[in-house]
Amino acid sequence: GDQVEQSPSALSLHEGTGSALRCNFTTTMRAVQWFRKNSRGSLINLFYLASGTKENGRLKSAFDSKERYSTLHIRDAQLEDSGTYFCAADRTGGYKVVFGSGTRLLVSP
Amino acid sequence: NAGVIQTPRHKVTGKGQEATLWCEPISGHSAVFWYRQTIVQGLEFLTYFRNQAPIDDSGMPKERFSAQMPNQSHSTLKIQSTQPQDSAVYLCASSLETGGYEQYFGPGTRLTVL
Chain A
3 GDQVEQSPSA LSLHEGTGSA LRCNFTTTMR AVQWFRKNSR GSLINLFYLA SGTKENGRLK
63 SAFDSKERYS TLHIRDAQLE DSGTYFCAAD RTGGYKVVFG SGTRLLVSP
Chain B
23 NAGVIQTPRH KVTGKGQEAT LWCEPISGHS AVFWYRQTIV QGLEFLTYFR NQAPIDDSGM
83 PKERFSAQMP NQSHSTLKIQ STQPQDSAVY LCASSLETGG YEQYFGPGTR LTVL
């Protein structure tokens, strides 16, 4: 079946630094979403991309359907960025999103 | 905008009892999705409504599970004769369906079947 491979599974950053999360897809995906799970367990929408890149504050995401991957870049990490990040993608013409396994981010002082 | 609302947040049932989970989509969203999340299986698609009509229930277990959307403001997922293996977090999502299926998820209902 469709698979989304998300890496890394865990990431530790010091405040002010940055890094990237990545999702690789085993098939062509039509669009990708990135979420952050908040302290109450709700999924907060970060990005929805059908192609290209989007930026919002210290977050930037890219999606390449042909190369079958998406990335989420975090710069100048802050303590409140800690949490679990998920990518989710749906196949071309489809709507059933498939989630990555998540990246647990811990930002420390 | 309160986002997608799901109630209850937690539900504990005894084996064989019925469980009904509620979802209120974001106002104006025409699509509603139900998913089940477990540690073992991850997130599994269950069913999808568009403008209250069932479109795809291919992920629903054929027995004991049913979903309805009687009006545009709420959907229910009913599990009859619950079994311990039904224990999971059930997530509801809604989408505008214009220009793509960006889905907004509710906080989920954690169902525990004893």
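Chains A and B supply the protein sequences, listed in that same order.
The first sequence lines up with residues 3 to 111 when you count with my numbering.
The second sequence lines up with residues 23 to 136 when you count with my numbering.
Heads up, the beta-carbon is just placed ideally off N, CA and C, and yes, glycines get one too.
Being a predicted model, the structure only gives us computed values, none of them experimental.
Can you check which of these residues, A:Ser110, A:Leu61, A:Phe88 and A:Val6, is closest to Thr29 of chain A by C-alpha distance? A:Val6
Between the CA atoms of Thr35 of chain B and Ile101 of chain B - distance to the nearest angstrom: 11 Å
9 Å Cβ cutoff met for Phe71 of chain B and Phe87 of chain B: no
Can you tell me which of the three DSSP states Leu81 of chain A falls into? helix
Assuming Ala12 of chain A contacts Leu74 of chain A under a Cβ cut-off of 8 Å, what Cβ separation, rounded to an integer in Å, is found between them? The Cβ separation is near 15 Å, so there is no contact.
Should Leu74 of chain A be flagged as near chain B, meaning a C-beta pair shorter than 9 Å? no
Could you round the C-beta distance between Pro47 of chain B and Ser116 of chain B to whole angstroms and report it? I think they count as a contact, below 8 Å. 3 Å
Is the shortest distance between the beta-carbon of Ser67 of chain A and the beta-carbons of chain B less than 9 Å? no
Determine whether the Cβ of Tyr50 of chain A lies closer than 9 Å to any Cβ atom of chain B. yes
What is the C-beta distance between Ala89 of chain B and Asp79 of chain B, in whole angstroms, given that I count them as a contact (C-beta under 8 Å)? 7 Å
Taking all protein chains shown into account, decide if Thr69 of chain B is buried (16 or more other Cβ within 10 angstroms of its Cβ) or exposed. buried
For Thr131 of chain B, which of B:Val62, B:Leu43 and B:Gln94 has the nearest alpha-carbon? B:Leu43
Chain-ordered residues of the region 4-33 of chain A with a beta carbon less than 9 Å from chain B: Arg32 and Ala33
Which whole-angstrom value describes the C-beta separation of Asn56 of chain A and Ser63 of chain A, a residue pair presumed to lie in contact below a C-beta threshold of 8 Å? Before going on, a small fix: residue 56 of chain A reads as Lys here, not Asn. That belief holds up - the Cβ atoms of Lys56 of chain A and Ser63 of chain A are roughly 5 Å apart, short of 8 Å.
First and last residue of the uninterrupted beta strand (DSSP E) at Ile48 of chain B: Neither: Ile48 of chain B is in no beta strand (DSSP E) and is coded neither H nor E.
Check whether the Cβ atoms of Gly25 of chain B and Tyr126 of chain B lie closer than 9 Å to each other. yes
Does any C-beta atom of chain A lie closer than 9 Å to the C-beta of Ala53 of chain B? yes
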